[in-house]
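Peer 1: Sharing a structure here in structure tokens format.
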Ligand SMILES: Nc1ncnc2c1ncn2[C@@H]1O[C@H](COP(=O)(O)OP(=O)(O)OP(=O)(O)O)[C@@H](O)[C@H]1O
Ligand SMILES: [Mg+2]
């Protein structure tokens, strides 16, 4: 029997009000992998992340985490099962300082990183611990948004475009961070527009179009599939 | 007898004290309203009725069960808070997905029903509630006599406001509340049971109103209209202070009480309207309120 995937998404449909956005999304993520969702603007990548977290109006299909069905669970119970989201808009709270933002998500299981480790990974956060969360630079806010979910003991991290709009040195730092957390045994589902960046961190890539997965490319086969990818992503 | 600006000192200080007392109640009530509005996005029009219930529960505890003032300070907020918890679970929670106006209509209707029920049972003439023996009498401050109970109310209100502020601004629980006020779905996606937090926040705001009601019982007679006579001004306080601002509601509550008191001395004809004049001026110059964040 094949090993059970950590996350198995099957025939996932999702709606915002009346608009039907996901039309049967299928993919799996194995424990310890970094897997990306690539796709053009509006393909449904963020919606897939939100649907996994229970944050869309309505969803149907199946989302199993370590074999347990979560499609009908409330977001807080999905989080308590061990999944954590770093949202596209980062979601740093303006009325909380950096430390409060960092300590906000409750610990859901053992095995999260402790504060000294987090400060070693993200030294800026320690220096700026008393600043208002939204007074940080874009890069620092992104670090904070990632650091915040490393503490909680969640083992599957959903990172939605963590490099969006950031300077190349910051993008590199985020790349190092992702490799570091992979080395520590975390599993990552990563949304990216920039597949050159994705190639430096991921094991496999899923391509989304119009609310469906249309292809899966192992990272090793990326270069031989460049033509196809350019077409998918329109770059 | 000494005078200030031609006004006899005792008259001036007497009205200032009255203003400070009213301000204490404005502050405690608008504080609860602000916390509830922040998280639930509902303007709790039932707040005055729940304040009144606090006073009535204290009166009932005394007259039906022989339980005195000090226990009532603890029990009435718990009892009325539990009532608020039931209201939120059974009625208010059904409205979160709808327009604000529905919450306003529901809580306004609840206020009318609650007040009507008490009026039916107890009439509207009001019933006295004795000042507890430890707080009877007055203290000579040199420039005026301060009734001990009134001094206690001002101090108690300040302590309650400060404690609420500390809870919200300086604790882990408060950080969670502030975060959920900003972005409740994300906080829930981090594993926090936000619906339960919303229920407890409503109950907490209601308990605060009931506590104010108990404090008010010996000063104003216990009657079904005691909430509605306050609540208009309290809504003005919330608007002036800035919707949802904790500090804003406390400072504005005390400030407006004092302004009202002074107006009674210097220009009594305007004392009933001065609050609304202030509100109009503030809204014209700072639409988000004195302490509110511009939208
Ligand atoms: N709250 C919403 N209400 C209605 N429609 C929405 C909402 N959010 C997104 N959509 C629509 O859903 C579709 C998919 O959006 P989604 O945000 O999932 O795309 P994405 O792949 O993450 O795109 P991007 O790369 O731009 O972030 C888009 O057509 C978008 O307009
Ligand atoms: Mg997106």
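Protein chains in written order, with the numbering used here: chain A, 308 to 542; chain B, -8 to 286. Each residue gets a CB set at the ideal place from its N, CA and C atoms; glycine is no exception. The model shown is predicted, which means the values in this text are computed figures rather than measured ones.
Can you tell me whether residue 468 of chain A sits near ligand 2, meaning its C-beta is under 7 Å from at least one heavy atom of the ligand?
Peer 2: yes
Peer 1: Please confirm whether any heavy atom of ligand 2 lies closer than 7 Å to the CB of residue 353 of chain A.
Peer 2: Remark: the C-beta of residue 353 of chain A is in contact range of ligand 2, defined as less than 7 Å to any heavy atom.
Peer 1: Using a Cβ-Cβ cut-off of 8 Å, state whether residue 493 of chain A counts as contacting chain B.
Peer 2: Residue 493 of chain A does not count as touching chain B.
Peer 1: Following a CB-centred definition, is residue 146 of chain B positioned closer than 7 Å to any heavy atom of ligand 2?
Peer 2: no
Peer 1: Determine which residues of the segment 235 to 265 of chain B have a Cβ less than 7 Å from any Cβ of chain C, and write them out in chain order.
Peer 2: Among the protein chains in the structure shown, which are A and B, there is no chain C.
Peer 1: Which of the three DSSP states, helix, strand or coil, is assigned to residue 532 of chain A?
Peer 2: helix
Peer 1: Less than 6 Å between C-beta atoms, sequence neighbours within five positions excluded: which residues of the same chain meet that for residue 75 of chain B?
Peer 2: Excluding residues within five positions, the ones whose Cβ falls inside 6 Å are 193, 194 and 197.
Peer 1: Once DSSP output is grouped into helix, strand and coil, what is the label at residue 388 of chain A?
Peer 2: helix
Peer 1: Give, in chain order, every unbroken run of the beta strand (DSSP E) that is at least 3 residues long and sits entirely within the segment 114 to 202 of chain B.
Peer 2: Qualifying beta strand (DSSP E) stretches, in chain order: 129 to 131 and 136 to 138.
Peer 1: Excluding the 5 residues preceding and the 5 following residue 311 of chain A in the sequence, name in chain order all residues of the same chain whose CB lies nearer than 6 Å to its CB.
Peer 2: Once the five neighbours on either side are set aside, the close Cβ partners of residue 311 of chain A are 374.
Peer 1: Taking Cβ positions, are residue 41 of chain B and residue 77 of chain B nearer each other than 8 Å?
Peer 2: no
Peer 1: Could you name each continuous alpha helix (DSSP H) segment of 4 residues or more that falls completely within the segment 28 to 58 of chain B, going from the start of the chain to the end?
Peer 2: 38 to 56
Peer 1: How far does the beta strand (DSSP E) with residue 370 of chain A in it reach, from first residue to last?
Peer 2: 365 to 372
Peer 1: Whose Cβ in chain A lies nearer than 8 Å to the Cβ of residue 57 of chain B?
Peer 2: Within chain A, no residue has its CB atom less than 8 Å from the CB of residue 57 of chain B, the nearest being about 44 Å off.
Peer 1: Taking C-alpha atoms, which residue in B/273, B/254 and B/143 lies nearest to residue 10 of chain B?
Peer 2: B/254
Peer 1: When the Cβ atoms of the segment 512 to 525 of chain A are set against those of the segment 332 to 347 of chain A, are three or more pairs found closer than 8 Å?
Peer 2: Contact holds: three or more Cβ-Cβ distances are below 8 Å.
Peer 1: Exposed or buried, what is residue 286 of chain B when buried is set at 16 or more other beta-carbons lying within 10 Å of its beta-carbon?
Peer 2: Only weak support is given to the placement of residue 286 of chain B: the predicted model assigns it a pLDDT of 49, under 50, and the value that follows is read from those uncertain coordinates. Exposed is the call here.
Peer 1: At which residues does the alpha helix (DSSP H) containing residue 311 of chain A begin and terminate?
Peer 2: Careful: residue 311 of chain A lies outside any alpha helix (DSSP H) and carries neither H nor E.
Peer 1: Checking the sheet assignment: what are the DSSP bridge partners for residue 524 of chain A?
Peer 2: Beta-bridge pairing links residue 524 of chain A to A/512.
Peer 1: Given this structure, state the Cα-to-Cα distance separating residue 308 of chain A from residue 317 of chain A, to the nearest angstrom.
Peer 2: The pLDDT assigned to residue 308 of chain A is 45, lower than 50, so where the model puts this residue is not dependable, and the model offers no usable value.
Peer 1: For residue 376 of chain A, which beta-bridge partners are listed by DSSP?
Peer 2: A/371
Peer 1: In this structure, what does DSSP give as the bridge partners for residue 499 of chain A?
Peer 2: A/345
Peer 1: Given 7 Å as the limit, tell me if residue 395 of chain A has its C-beta closer than that to any heavy atom belonging to ligand 2.
Peer 2: yes
Peer 1: Please determine whether the Cβ atom of residue 500 of chain A lies at a distance below 7 Å from any heavy atom of ligand 1.
Peer 2: Yes, the beta carbon of residue 500 of chain A sits closer than 7 Å to at least one heavy atom of ligand 1.
Peer 1: Put residue 286 of chain B into one of helix, strand or coil per three-state DSSP.
Peer 2: Because the pLDDT of residue 286 of chain B is 49, which lies under 50, any placement of that residue in the model is unreliable, and the number read from its coordinates should be weighed accordingly. Reduced to three states, the DSSP call for residue 286 of chain B is coil.
Peer 1: Within 8 Å of any Cβ in chain B, is that where the Cβ of residue 450 of chain A sits?
Peer 2: Taking 8 Å as the threshold, the shortest C-beta distance from residue 450 of chain A to chain B does not fall below it.
Peer 1: What in chain B is Cβ-close to residue 316 of chain A, meaning under 9 Å?
Peer 2: Correct list: empty, because the minimum Cβ distance to chain B is about 17 Å.
Peer 1: Assuming residue 477 of chain A contacts residue 391 of chain A under a Cβ cut-off of 8 Å, what Cβ separation, rounded to an integer in Å, is found between them?
Peer 2: Actually they do not touch by this definition, with Cβ atoms about 21 Å apart.
Peer 1: I'd like to know whether the C-beta of residue 199 of chain B is nearer than 8 Å to at least one C-beta of chain A.
Peer 2: no
Peer 1: Taking a cut of 9 Å between CB atoms, which residues from the segment 415 to 444 of chain A lie near chain B?
Peer 2: 415
Peer 1: What residues in its chain sit with their C-beta under 7 Å from that of residue 394 of chain A, if we drop five residues either side in the sequence?
Peer 2: 467
Peer 1: Are at least three pairs of beta-carbons, each pair with one atom in the segment 203 to 223 of chain B and one in the segment 140 to 149 of chain B, less than 8 Å apart?
Peer 2: yes
Peer 1: Span of the alpha helix (DSSP H) holding residue 410 of chain A?
Peer 2: 405 to 410
Peer 1: Within the present structure, is the beta-carbon of residue 359 of chain A separated from the nearest heavy atom of ligand 1 by less than 7 Å?
Peer 2: no
Peer 1: Between B/182, B/8 and B/102, which has its C-alpha nearest residue 218 of chain B's C-alpha?
Peer 2: B/102
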